[in-house]
Amino acid sequence: MAFNAQVWFAAVNGYTLIITEKPDAASRIASALDAAGKAVRKTENGVPYYVAKRGTDIVVVPALGHLYTVAGKKKTGRSYPVFDFRWVPRYLAERGAARIRTWLKVISKLAENADRFIDACDYDIEGSIIGYSILKYACGGKENAAQRMKYSTLTREELEKSYDEPLGILDFALIEAGLTRHEVDWLYGINLSRALTTAAKNYSGRYATLSTGRVQGPTLKFLETREKRIKCFVPTPYWNVKAKIKVGRRVLEAEYEKNPVEVKAEAEAVIADCQGRDGETEKVNVKTFQQESLFPFDLGSLQSEAYRLFRYTPMRTSSITQRLYLAALISYPRTSSQKLPREIGYKTILKKLGKLPEYRQEAGELLGKPVLKPNEGKKFDPAHPAIYPTGNLPERSLNSAERNVWDLVVRRFMAVFGEPALVQSVKVTVNINGNRFQLNGRRTLDEGWIRLYTPYFKSADVVLPVMEEGQKIGVKQVVLEDKFTLPPARYNPSSLLKRMEKEEIGTKATRAGIIQTLNTRKYTQGEKIEVTDLGLEVADVLNEYCPDVVSLELTRKLEERMDAIQQGNETRKNVLRDTIEILKPVTEKLKENERAIGERLSQALTAARLEERVVGMCPVCKNGKLVIIRSRTSGKRFVGCTNYFEGTCKTSFPLPQKGAVKPTGNTCKSCGYPTVWVWIRGNRPWNLCINPLCPTKKKT
Ligand SMILES: [Zn+2]
Ligand SMILES: [Zn+2]
Numbered sequence: 006m007a008f009n010a011q012v013w014f015a016a017v018n019g020y021t022l023i024i025t026e027k028p029d030a031a032s033r034i035a036s037a038l039d040a041a042g043k044a045v046r047k048t049e050n051g052v053p054y055y056v057a058k059r060g061t062d063i064v065v066v067p068a069l070g071h072l073y074t075v076a077g078k079k080k081t082g083r084s085y086p087v088f089d090f091r092w093v094p095r096y097l098a099e100r101g102a103a104r105i106r107t108w109l110k111v112i113s114k115l116a117e118n119a120d121r122f123i124d125a126c127d128y129d130i131e132g133s134i135i136g137y138s139i140l141k142y143a144c145g146g147k148e149n150a151a152q153r154m155k156y157s158t159l160t161r162e163e164l165e166k167s168y169d170e171p172l173g174i175l176d177f178a179l180i181e182a183g184l185t186r187h188e189v190d191w192l193y194g195i196n197l198s199r200a201l202t203t204a205a206k207n208y209s210g211r212y213a214t215l216s217t218g219r220v221q222g223p224t225l226k227f228l229e230t231r232e233k234r235i236k237c238f239v240p241t242p243y244w245n246v247k248a249k250i251k252v253g254r255r256v257l258e259a260e261y262e263k264n265p266v267e268v269k270a271e272a273e274a275v276i277a278d279c280q281g282r283d284g285e286t287e288k289v290n291v292k293t294f295q296q297e298s299l300f301p302f303d304l305g306s307l308q309s310e311a312y313r314l315f316r317y318t319p320m321r322t323s324s325i326t327q328r329l330y331l332a333a334l335i336s337y338p339r340t341s342s343q344k345l346p347r348e349i350g351y352k353t354i355l356k357k358l359g360k361l362p363e364y365r366q367e368a369g370e371l372l373g374k375p376v377l378k379p380n381e382g383k384k385f386d387p388a389h390p391a392i393y394p395t396g397n398l399p400e401r402s403l404n405s406a407e408r409n410v411w412d413l414v415v416r417r418f419m420a421v422f423g424e425p426a427l428v429q430s431v432k433v434t435v436n437i438n439g440n441r442f443q444l445n446g447r448r449t450l451d452e453g454w455i456r457l458y459t460p461y462f463k464s465a466d467v468v469l470p471v472m473e474e475g476q477k478i479g480v481k482q483v484v485l486e487d488k489f490t491l492p493p494a495r496y497n498p499s500s501l502l503k504r505m506e507k508e509e510i511g512t513k514a515t516r517a518g519i520i521q522t523l524n525t526r527k528y529t530q531g532e533k534i535e536v537t538d539l540g541l542e543v544a545d546v547l548n549e550y551c552p553d554v555v556s557l558e559l560t561r562k563l564e565e566r567m568d569a570i571q572q573g574n575e576t577r578k579n580v581l582r583d584t585i586e587i588l589k590p591v592t593e594k595l596k597e598n599e600r601a602i603g604e605r606l607s608q609a610l611t612a613a614r615l616e617e618r619v620v621g622m623c624p625v626c627k628n629g630k631l632v633i634i635r636s637r638t639s640g641k642r643f644v645g646c647t648n649y650f651e652g653t654c655k656t657s658f659p660l661p662q663k664g665a666v667k668p669t670g671n672t673c674k675s676c677g678y679p680t681v682w683v684w685i686r687g688n689r690p691w692n693l694c695i696n697p698l699c700p701t702k703k704k705t
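If you count by the working numbering, then the sequence shown holds residues 6 to 705, one letter each, in order.
Following this line, the structure appears as structure tokens:
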């Protein structure tokens, strides 16, 4: 490859080379550091870098996230176990990473004439190893000479400060912990996934990717446990007794104090007992209490709030926050802190936000307070504070998702400084012939912080009429409600993420991706996460042949030890040695049982492939399934009934021969036959009813 644009290199010698994680960050850092605020963008073979002047010359070059990765020492095909690894440029280990080769060449070239190195990647595990490996492998062993910029926002003020006062050395404890994490995950992933994939391939002759991993396995396991509880759930009946009482003109529903009632006769006896009787208020209990504001956002709570309000998956929220961070609108999002230190400058941020009409009133109100004190949570993160708005206003127009998340972060930030809300709760006990019924009321007297967090929080007020003790109460009716207990709820992406957080498996940076992977592998489906038959089979196989690997306890113990490396209380060598000790017997056992495992997985895969082609029930024989079939003889595609193979049903329907066809899982509103998606390149996918005689097709 020819590097011809070397004019600039030749002219300038001795500059500071700053390495960032992403191109956007490089551009921001360069223009923040340039004395005139205008860095010069250059490119070399398509790789951008920036030149700034600040006393000395500065060159800022970005990475593209991870440029290096863990790979096997030797090429081993699909064989396992593999325990020897090394760090290599990504283009050597991954398909589709060819661009990385050029990228690294340019960085190396820029490193040649640099006399000072600064790592300005994001200050966390991932960022630290990105910077470290570039300095070590692409810059000729500069990892021990480099300085470290530490910042939580991409605002000019903070970037200038972090450049003027850099940390003297890289954070090696963090780097060791990060390298260990990647290596351990690689060892788990490569060995277990190869074992499963090979077993299925050797049995059926067909290749399909079956993966599992250190965190993926236990996550699939608790999804599976929940799925089985749902599938085996037997509803049991119970009864609720309610009294419809009259207070003034209003009719209110009071709950029997012993609800739910498990024996029907008991509930009926209460009703008989109340028949024709009036009631009397026995006790009126009024309490006023303060409701403190919510805490500042850490990544997990922001992901769960964005899911609750906008139905964004954790993965989506994660990428939106990343963009807002790179646009210098919010602070670093991958944080587990619920603290907002004073140094971030509460007042300055509020003043800047107050320039926008939509925040003017709220910001003004807060700025009028004598003291600004955030209502902080317990969680702390040494690297970054909680997520907060920088006070910068958007320089480009935000799309609606970005706007939603930014507004949410801004309003949560303001709410954190708000006064507690004042809430009154009222509990009234009504006695009907010796049976007690309860009314619960709730009223917000002063909204406090809730007003600042509008429209994202609504207080659920139930206002009761004024009642006194000893008041006669008219009873309209006492009723019995038949109920059945419900199965446990399915996880959704947000509650699953919370469970992983609670069990302390995975990291802020990886959890959302693991949930996504389970879906991509078709182990799970749907927003209310359902484990597929394939997912259940994989989970069963893992449970049976390598219970240690999916054990929550073992996974958590390993997490703790990797955290300990970060604290300097454990070594990478120990953890890697023990990981291999865990995996050795596991891979042996998987190998011994390869045939049995292969048979189970192959059958599950075959069923899953068939399931993907099922468009619906056969409307003719009513017990076969209609599937998309390609004829071996003519090569034509059509829909046929599975009972054809049993010789009992010959129903078939034509399909378009061009484009892709997928089941929709729905039926036609007009004729009730199943529908399919048809997608032809260059067109929008459309919904097609498979019935050629469908009334919707008559108009042509
Ligand atoms: Zn049929
Ligand atoms: Zn139809």
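Just so you know, even glycine gets a beta-carbon here, dropped at the ideal spot from N, CA and C.
Alanine 447 - partner residues in DSSP beta bridges: At residue 447 the sequence reads arginine, which differs from the alanine that was named. The partner list for arginine 447 (beta bridge, DSSP) reads Ser430, Val467.
Option nearest aspartate 124 by Cα separation, candidates Ser138, Lys562, Val410, Val666: Ser138
Residues of its chain near leucine 377, where Cβ-Cβ distance is below 6 angstroms and the 5 sequence neighbours each way are ignored: Tyr351, Phe422
Whole-angstrom C-beta distance between alanine 333 and leucine 159, which should lie under 8 angstroms: 4 angstroms
Endpoints, the beta strand (DSSP E) within which glutamate 262 is located: Premise fails: glutamate 262 is in no beta strand (DSSP E) and is neither H nor E.
Burial state of asparagine 574 (16 or more Cβ within 10 Å): exposed
Buried or exposed by the 16-neighbour rule on C-beta atoms within 10 Å, applied to lysine 641: exposed
Segment limits, beta strand (DSSP E) that includes glycine 645: 642-646
Best match in Leu610, Phe90, Glu535, Gln571 for proximity to alanine 388 [C-alpha to C-alpha]: Gln571
Residue from Tyr649, Arg618, Cys626 with nearest C-alpha to valine 681: Arg618
Spatial neighbours of tyrosine 4 in its chain, beta-carbon cut-off 7 angstroms, leaving aside the 5 residues before and after: The structure shown does not extend to residue 4, since the chain is modelled only from 6 through 705, so no value can be given for it.
Segment contact flag, the segment 465-472 with the segment 311-329, C-beta cutoff 8 angstroms, min 3 pairs: no
Minimum C-alpha distance to lysine 147 - residue among Leu175, Trp244, Leu164: Leu175
Three-pair Cβ contact test at 8 angstroms for the segment 177-197 versus the segment 425-432: no
Backbone secondary structure at tyrosine 128 - three-state DSSP: coil
Rounded C-alpha distance that separates valine 543 from valine 45: 53 angstroms
Distance cut-off 7 angstroms: threonine 241 Cβ against heavy atoms of ligand 2: no
Stretch pair the segment 437-454 + the segment 390-399: three plus CB contacts closer than 8 angstroms: no
Residues that isoleucine 392 bridges to, as DSSP identifies them: Phe302
Rounded straight-line distance, which links the Cα of isoleucine 354 to that of phenylalanine 294: 31 angstroms
C-alpha distance - lysine 773 paired with histidine 71, whole-angstrom precision: This structure cannot settle anything about residue 773, because the visible part of the chain is limited to 6 through 705.
Leucine 457, buried or exposed, once every other Cβ within 10 Å from all chains shown has been counted against 16: buried
Contact with chain B by tryptophan 684, beta-carbon distance below 8 angstroms: Going by chain labels, chain B is absent from the structure shown, which holds only one protein chain.
Beta-carbon proximity check, tyrosine 20 vs alanine 143, cutoff 8 angstroms: no
Rounded separation between alanine 609 and lysine 527 - CA only: 11 angstroms
Helix, strand or coil at glycine 475 according to DSSP, with G and I counted as helix: coil
Among Val65, Phe238, Val220, the one whose alpha carbon lies nearest that of leucine 491: Phe238
Contact test: valine 625 Cβ vs ligand 1 heavy atom, cutoff 7 angstroms: yes
Residues that cysteine 626 bridges to, as DSSP identifies them: Beta-bridge pairing links cysteine 626 to no other residue.
Burial state of isoleucine 685 (16 or more Cβ within 10 Å): exposed
Which listed residue (Asp568, Val546, Leu615) has its alpha carbon closest to that of lysine 594: Val546
Element boundaries [alpha helix (DSSP H), containing phenylalanine 227]: 221-236
Near ligand 1: threonine 672 beta-carbon under 7 angstroms from a heavy atom: no
Coarse secondary structure for glutamate 535, derived from DSSP in three states: strand
Distance between leucine 588 and arginine 186 (C-alpha atoms, nearest Å): 15 angstroms
Outcome for arginine 33 when other beta-carbon atoms lying within 10 angstroms are tallied against a minimum of 16: buried
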